[in-house]
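Worksheet: the structure to be examined is printed underneath.
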Amino acid sequence: MSALIVIPIAIIMLGTVSATLLEPGNALRDVLSLIGAPAVALMIALALAFYFLAARRGWSLQHTSDVMGAALPTAAVVILVTGAGGVFGKVLVNPASARRWRRC
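Following full-length UniProt numbering from start to finish, the sequence shown increments by one per residue and tops out at 104.
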């Protein structure tokens, strides 16, 4: 199960390496670049996690939905706080907003 953490990293690395080594316009490069996009790589890892969590244990779709639904609020708070902190940091670094904050 801990190998699931490495899978999106490996997929993203594969996409990056293919973009570096293969010629532009190469079909394999295009496919690996698509799969290697962070959002796509994370969706692939999510699908694999769903498989290992539910299908291999014989859980029903409803039970799996309940388990994942119970975990979602906690994860959402962490993602929200992290994203808000990143946005606030960018606002402070932006030259226009930095000048405005200095005047206050």
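Just so it is clear, CB atoms sit at the ideal spot from N, CA and C, and this is done for glycine as well.
From a predicted model like this one, the values you see are computed outputs, not experimental measurements.
Review point. Within this structure, are the beta carbons of Ala49 and Ile11 separated by less than 9 Å?
Key: no
**Study point:** Cβ neighbour criterion (16 or more within 10 Å) applied to Gly36
**Key:** So Gly36 counts as buried.
Review point. Straight-line CA distance for Ser33 to Leu80?
Key: In this structure, the CA atom of Ser33 is about 28 Å from the CA atom of Leu80.
Check your understanding: Which value, in whole angstroms, describes the spacing of the CA atoms of Ala54 and Pro95?
Key -> When only Cα atoms are considered, Ala54 and Pro95 end up about 49 Å apart.
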